[in-house]
Structure formats: C-alpha cells, structure tokens
Amino acid sequence: MSSEEKSSTMSQKISSPSHSNSSSSSKHDSRQVSDSWEIVEGLRGGLSNVQEPEKQAGYMLKKRKWPMKGWHKRFFYLDKGILKYAKCAADVEKGKLHGCIDVGLSVMAIKKKAKCIDLDAEENIYHLKIKSQELFDEWVSKLRHHRLYRQNEIRASPAKQSSLHSPVSFTSQAKVTAWLQSSDDMDRCTKELSVCEAQLLELNHLLRSMEVLHRTCSAPAINALQASTYDSPKKEKRHPRKWRPKNYGKDNKTTLQVIRDLLLKQDSSDGSRPLVHQVSNESRASITESLSEFFDAQEVLLSASSSENEPSEDDSYISDINLSGDQAPEPCFSFSACVENGGSQEQRRSCLPSPSPNTSNISLWNILKNNIGKDLSKVAMPVQLNEPLNTLQRLCEELEYSELLDKAAHTQDPFERMVYIATFAVSGYASSYYRAGGKPFNPVLGETYECDRPDKGFGFVAEQVSHHPPISACHAESKNFIFWQDVRWRNKFWGKSMEIVPVGTTHVVLPGFGDHYEWNKVTSCIHNILSGQRWIEHYGEISIKNSNSEKCQCKVTFIKAKYWNSSMNEVEGAVTDHKGKIVHKLSGKWHEGMYCGSPPSAKCIWRTNPMPPDYEQYYSFTKFAMELNELDPLTKPLLPPTDTRLRFDQRLLEEGNVESAEEQKQRIEQLQRERRRVLEENHMTHQPRFFQKSKDDTWVSNNTYWELRKDPGFSNLDCPVLW
Numbered sequence: 001m002s003s004e005e006k007s008s009t010m011s012q013k014i015s016s017p018s019h020s021n022s023s024s025s026s027k028h029d030s031r032q033v034s035d036s037w038e039i040v041e042g043l044r045g046g047l048s049n050v051q052e053p054e055k056q057a058g059y060m061l062k063k064r065k066w067p068m069k070g071w072h073k074r075f076f077y078l079d080k081g082i083l084k085y086a087k088c089a090a091d092v093e094k095g096k097l098h099g100c101i102d103v104g105l106s107v108m109a110i111k112k113k114a115k116c117i118d119l120d121a122e123e124n125i126y127h128l129k130i131k132s133q134e135l136f137d138e139w140v141s142k143l144r145h146h147r148l149y150r151q152n153e154i155r156a157s158p159a160k161q162s163s164l165h166s167p168v169s170f171t172s173q174a175k176v177t178a179w180l181q182s183s184d185d186m187d188r189c190t191k192e193l194s195v196c197e198a199q200l201l202e203l204n205h206l207l208r209s210m211e212v213l214h215r216t217c218s219a220p221a222i223n224a225l226q227a228s229t230y231d232s233p234k235k236e237k238r239h240p241r242k243w244r245p246k247n248y249g250k251d252n253k254t255t256l257q258v259i260r261d262l263l264l265k266q267d268s269s270d271g272s273r274p275l276v277h278q279v280s281n282e283s284r285a286s287i288t289e290s291l292s293e294f295f296d297a298q299e300v301l302l303s304a305s306s307s308e309n310e311p312s313e314d315d316s317y318i319s320d321i322n323l324s325g326d327q328a329p330e331p332c333f334s335f336s337a338c339v340e341n342g343g344s345q346e347q348r349r350s351c352l353p354s355p356s357p358n359t360s361n362i363s364l365w366n367i368l369k370n371n372i373g374k375d376l377s378k379v380a381m382p383v384q385l386n387e388p389l390n391t392l393q394r395l396c397e398e399l400e401y402s403e404l405l406d407k408a409a410h411t412q413d414p415f416e417r418m419v420y421i422a423t424f425a426v427s428g429y430a431s432s433y434y435r436a437g438g439k440p441f442n443p444v445l446g447e448t449y450e451c452d453r454p455d456k457g458f459g460f461v462a463e464q465v466s467h468h469p470p471i472s473a474c475h476a477e478s479k480n481f482i483f484w485q486d487v488r489w490r491n492k493f494w495g496k497s498m499e500i501v502p503v504g505t506t507h508v509v510l511p512g513f514g515d516h517y518e519w520n521k522v523t524s525c526i527h528n529i530l531s532g533q534r535w536i537e538h539y540g541e542i543s544i545k546n547s548n549s550e551k552c553q554c555k556v557t558f559i560k561a562k563y564w565n566s567s568m569n570e571v572e573g574a575v576t577d578h579k580g581k582i583v584h585k586l587s588g589k590w591h592e593g594m595y596c597g598s599p600p601s602a603k604c605i606w607r608t609n610p611m612p613p614d615y616e617q618y619y620s621f622t623k624f625a626m627e628l629n630e631l632d633p634l635t636k637p638l639l640p641p642t643d644t645r646l647r648f649d650q651r652l653l654e655e656g657n658v659e660s661a662e663e664q665k666q667r668i669e670q671l672q673r674e675r676r677r678v679l680e681e682n683h684m685t686h687q688p689r690f691f692q693k694s695k696d697d698t699w700v701s702n703n704t705y706w707e708l709r710k711d712p713g714f715s716n717l718d719c720p721v722l723w
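Residue numbers (full-length UniProt numbering): 1 to 723.
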C-alpha cells in the first residue's frame, strides 16, 4: 500500500458526510431536522489550516452505562480534540478520569430539539444531554471546532499522534492506522502474514483430522494431547496480546509437529479400527481455549457395543449428566431414541445452490447517512445485503438445539430442568456469531412458514401478523414441549453500530410437568457497520420464570464486551430457589457452549455443532440454516401459497440471480403497498389466518394450520396473492 493510498484511507476514516445542509431549504425542513438526528460533518479534502481551539469545560448529563438506567451529572474537559470526563473538576485536575473520548475519531450526531449529543467511539456510544439551549449550542460549536482540529492533526502527523496521547484515548482502528502509516517494512509483514495464513490452514486441516481420530476408541485423550502440546498442564495467567512474539515461528512449528506426530502414530496403530460416535464435538474456532479452560469438564462417550453409536451430523453436545453430582453419569441422551416414528427423512442438503454475492461495491453510508437514530426496519436495502432466509425462518432457527427442551422434558429435578431451559435460551444466539454481515428478508403481511421436522420431533409454523409495527408470531409443538413467541424489533443506527432491541416474550411449556417457562430476549449490537470487519455482540439479562411454580428462577447475563478486556461473548447465570439461594451456576460463551458448576469441575451441558465446509462462501450458514429454505418436491404441493419458500426474490437470491432477485423484491414490496392501500380505502384490517390475539394482547396459534393442511388442503382454500 503506497503512502498516498494510506493517506486516502485515513481520510475516509475521519471524514463523515453530513446531510445538515439539505435541511435549510425551508422552515418545515428545518423543523424536521431539529426533531431528528443530524450527523456532524467531518474534515473534507486535504490538510487545512485549522486554528487551535479554546479549551472548553463544564457539566453535562451522561447516560449511565448498562445495566444502570437514567442519567448522571459529569464534568467534561475538552482540549485539542480529546474529551475527558470525571465526577468533578478536581478529579480531572488530579487525573482521576472516568473516561476519555477522541472526538476526532468518533462519529458525532446531535438532536437539537432534545438537546442531545451522541459520540460513537467504536467501543462505546456516549449519550450526552444538556438542559440549557445556550450551553448546548456552545458545546456543539466547540465540539465541531475541536473535531476538525483533531482530524487535521491526525492527518498531518499520524506517527507523531501515536506518542502524544495515552492508549486510553485511541480506538483500536486508530492504533492500527497509525501503525500502518509509520511502518517501514510492509513487505516483510506481508510475507509473514502469508506464512501465518498457510500455517493456520494447515492447522485447521490437522484439527479436523484430529477430531475424527478423537472419535476412535484408542484415540489419545484430550488432556493427554493438551499435556503434550503445552509445557505446563496448569492454566497460566494470560498475557496481553502482542503482534508477534520472538519465538512465534518456533512455537508454532513445534505445535504443528506435535499434532502431526500424534496423527501419524494413531494412523499407524489404529488405521483399520472402525469409528464410533462420540457426543462431544469441539468448537473448531476456539479448541485451544476450550481445552485450557474446561479440560476437566465431564465427557460422556458411547461404547462400541452401544445401540446408539451411529454417527449423526446434527448431534451437538447435550450432556445427560446428573447435575447434582450424586450419581454416576447415565449413557448419553439420544434424541432419536425419544421420537416415535421420527426416522430421518431423505438426505437433506448440506450446501446452497450458489455462494453469496460480492457486496464490496455497495456503499452503506449512502443508504444510512440520513437515518441516524431511526428505525431501520422501514429503510429499503439492496437485495445483495440480504441472506436467502426470512425473519420467520430465523425464528425457527432458534430451535436448532431443540434437543435441550427434550432433555428438560425427561428431567425430574425442577432445578435441573431450569438449567436445560436456560441453556436453550442461550443456544438461540449461537448461529449469529458468523452472520453479522447478513440481513434476513422482511416478511410481507400474511406471509407464512412451516418447518416439519420428524427427525427432530417438532412441527413449526410462523406468520407475519402485523406490518406496522412489524410483528412475527410462531408456534412449535412436539410430544415433549410447546414453544411459541411473538416478536417485534426496534432497530437504531448510531453511526458505526446498530442496536437491535427485541420486544416480546418467549414461552415454553413442558406438558409432562405442567411447567410454563417465560423469558425475554437481550439486546444485539452489530459493530463496524460502515467499515472494517463487522461483528455482533449480545448484552443484557434474560430472566426466566416458571409461571406455574415459584420453586425456582433463573437469571442469565450476556456480558457486554470491554475494550480493555479480550474476553468476549461470555455468559453467566444462576438457578436459584424461592428464597434466592443459588442451586446451580451457569457459565460459558453463547457461540461455543454452556457449563454448569464452577471451573475446573464444571460439567458441559451443550456445545455448538461444527460449521459446514466452506461456510464463509455460503452466507456463513449453519447446516440447520441451510436446510430451512430447502424445497422438497414432495412437500411443495402441501404448502400454502403464502409460504416463504415460494417467494421469488428470496429463491432467486439463493440461486445467485441477484439482478432478478432485486426486481422481484421491488415488485413484491409494491404489491404489499397496494394491498395496504385497498384495505385502508375500504376501512378494513388484515386478519391473520393461523394466529389470534390472546387476553394479554400477545399472538398465539389458533391450532388450525396442521388440520387445514391435512383436510381440505391449502390448494382448496382462498389464500391472498403475496407475490
């Protein structure tokens, strides 16, 4: 990368287009802008002579960080583009800061009517408020000036910038940019990265081979492999990450050689031994971390003589252990053993018809710049940004690990049942780890989706019951459980990130025990919307209660990532009795697995399924997600014409025909607008066919879908034309 390209890249990072000028054409437009968020323009063009701004200090209201609510008063001190804040002026002088914000590297948005200022600094979003209009105007003016000065300073001397301020004031993006521009040996770095990539690919291949060997009776134990690979069996204190340690190449080659030797030794001694099924499937993305932290977790293997030792691609790790530890572990729970007449159907597909399209030519900024702080569910997006799945299918995806509910239905102890219910609630987020860059299709009003899975023992039905606000309702049923929810989402775009706040309650009933569990969902946030590698995190608290019994409750906390801590995606929870006493502790990561108990003796309850080969090329779908939009020729005649799998734009995108998919998407959206206009002109409201409102104003199934499907069949019913 040349110096001109580096400078251009840096300019794009610190410049933020604005739409404020377009709002001055009339008083009506000005009033509209004052009621909505306005993004503040950054430095444009090349270097400019920006006069050093005066220092600014004073009190502002700052929104409390989650999980606290409300606002608190803090003293802010602005100097040369760096905004420091503390409890009072004296603390700022003493250096007792609560935080530090580089306004030059932040996206700044203001709402004039509410007198609010938002600073999106990548790791955190700072929400500020000022009561006085005069002070608000003064702070906005100062922040604009300091922001331009700071951006000009960064552009003029990025190398000098890295030594002027402490690392606290830098975002990770700024530090990487400064490093790139000050490095004189990019060729060597590129060469080393290429070698590293090749070794990682080889390591991935070896890990896959090792996973197969781990299923054999005589394969080396996991803790033995760990002891051979690492010098000390004890967990060492983690050190801060470095770009590349001096002994990196030597250690890396040593590790690869140890694995190769183990594989060669195993091949030579047990080359002809048949494979048997093992319940544990290690998460490939974090195998070393899982080994180091949970190598004492209990593993349950099926013996070669077991009647349930057939391998299954859909099996995730669901432990059949006794959580109280009073008895020895039972044989592993097998889902197929508890499903009557639920033999596997014909082989389901394991790959999509076409890989995902290239979206590098789409400018998200041009789409989103006028929608800061607004609900993005009403913003039209190009079809390339979609994944070939629907929101209704995403709801079904939460049942990928429905075996946890089956296990709960066969567990006598109510506290252990709550452990499985809580783990199921966490497992619904696992598939989102690789899918931060994809957006599901929005269902049109009246759209439906069915998922009949006799291999898993449940039947699922969903329907879009409302368009404004958009509400999706679903219902799933098996002989072991009943699952339903109605969900609506509130989306907010904050410049660099987007928050998705679900509203609604999830319900699970276990008829065998009369339990009725209810819980809420947590907030999701997609980071680096406009540039960089997108990633998703979930944070908040899930509160689970049994409305038919007060014997036990559970709270599960999704911990928000902190920029000073490398730990991410962590989950902690506790099952308590009616007096609040902790009976079981839960911990883990929502994208890997959950454990019950305290390390190192924690017992594994669930682990994610391995990802399919080349999943990155196919929207990063799990195997279960790839099956959701599959249209079986035998099933197609039985579906209602409103089923998602018959939708043209989604099917065309899945087949790789992006241009036709965009045309069909616009046509389907126009048809929906026309249907809505006809209903309004005739003073009519849409009536969902398969769901109805309950007494508590939630949508529940009217239990007619499967009966109508059987007799008289949907082909004999009058169904709306949606596409």
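Beta carbons: idealized from backbone N, C-alpha and C, even for Gly. Quick caveat: nothing in here was measured; it's all calculated off a predicted structure.
Check	Outcome
C-beta atoms of N204 and P388 nearer than 8 Å	no
Proximity to N703 [Cα-Cα], best of D455, A198, C474, P414	C474
Three-state secondary structure (DSSP) of V461	strand
V199 versus C189: straight-line alpha-carbon distance, rounded	A quick correction: the sequence has Gln, not Val, at residue 199. Roughly 15 Å separates the two Cα atoms.
Span of the beta strand (DSSP E), counted from its first residue to its last, around V583	582-589
Per-residue DSSP class, three states only, for G540	strand
Contact check, W71 vs L61, beta carbons under 8 Å	yes
Beta-carbon proximity check, H127 vs G81, cutoff 8 Å	no
Residue environment, H683, which counts as buried when at least 16 other CB atoms sit within 10 Å	exposed
Pick from D102, R676, V40, S194 that is closest to S466, judged by C-alpha positions	R676
Distance, L405 Cα to P428 Cα	A small fix is needed here, since residue 428 is Gly in this sequence, not Pro. Spanning the two alpha carbons is a distance of roughly 12 Å.
7 Å CB neighbourhood of G597 in its chain, flanking five on each side removed	K585, K603
Three-state class that DSSP yields for H146 in the structure shown	helix
D614 (DSSP reduced to helix, strand or coil)	coil
Cut-off 6 Å between Cβ atoms - residues of its own chain near E236, not counting five sequence neighbours on either side	Caution applies to E236, whose pLDDT of 44 falls short of 50 and renders its modelled position unreliable; the model cannot decide the point.
Which residues DSSP lists as bridging F136, in chain order	F136 pairs with nothing; no bridge assigned.
Contacting residues, own chain, Cβ-Cβ under 8 Å from G459 (five flanking each side not counted)	E450, C451, D452, R453, A476, E477, S478, W706
Unbroken alpha helix (DSSP H) run spanning residue 729, endpoints	Past the boundaries of the shown model lies residue 729; the chain is included only from 1 to 723, so the question cannot be answered.
contact_flag[the region 137-151, the region 43-59] where n(CB pairs < 8 Å) is 3 or more	yes
Beta-carbon gap between P382 and E662 smaller than 8 Å	yes
Cα-Cα separation between Q692 and S701, rounded to whole angstroms	6 Å
Sequence-distant residues of the same chain with beta carbon closer than 8 Å to Y420, five excluded per side	L404, L405, K407, A408, T411, I605
Whole-angstrom C-beta distance between T391 and N442, which should lie under 8 Å	6 Å
Euclidean distance between Cα positions of E550 and D137	53 Å
Per DSSP, the bridge partner or partners of N386	K439
Inside the region 633-693 only - beta strand (DSSP E) runs reaching at least 3 residues	691-693
Beta-carbon proximity of V40 to K496, cut-off 8 Å	no
Sub-8 Å separation of V444 and Q666 beta-carbons	no
L43 versus P641 - alpha carbon distance	53 Å
Pairwise C-alpha distance: Y539 and L631	35 Å
Buried versus exposed, by CB contacts within 10 Å (16 or more), D718	exposed
Whole-angstrom distance between Q485 and T506, CA atom to CA atom	5 Å
Delimiting residues of the beta strand (DSSP E) encompassing M498	497-503
Closest by C-alpha distance to N569, when choosing among T576, N548, E122, M594	M594
Beta strand (DSSP E) segment containing R709, residue limits	Where R709 is concerned, there is no enclosing beta strand (DSSP E), although the alpha helix (DSSP H) it sits in stretches over 705-710.
Presumed contact (8 Å Cβ cut-off) between W535 and F558, rounded CB distance	Their Cβ separation, rounded to whole angstroms, is 15 Å, which puts W535 and F558 out of contact at 8 Å.
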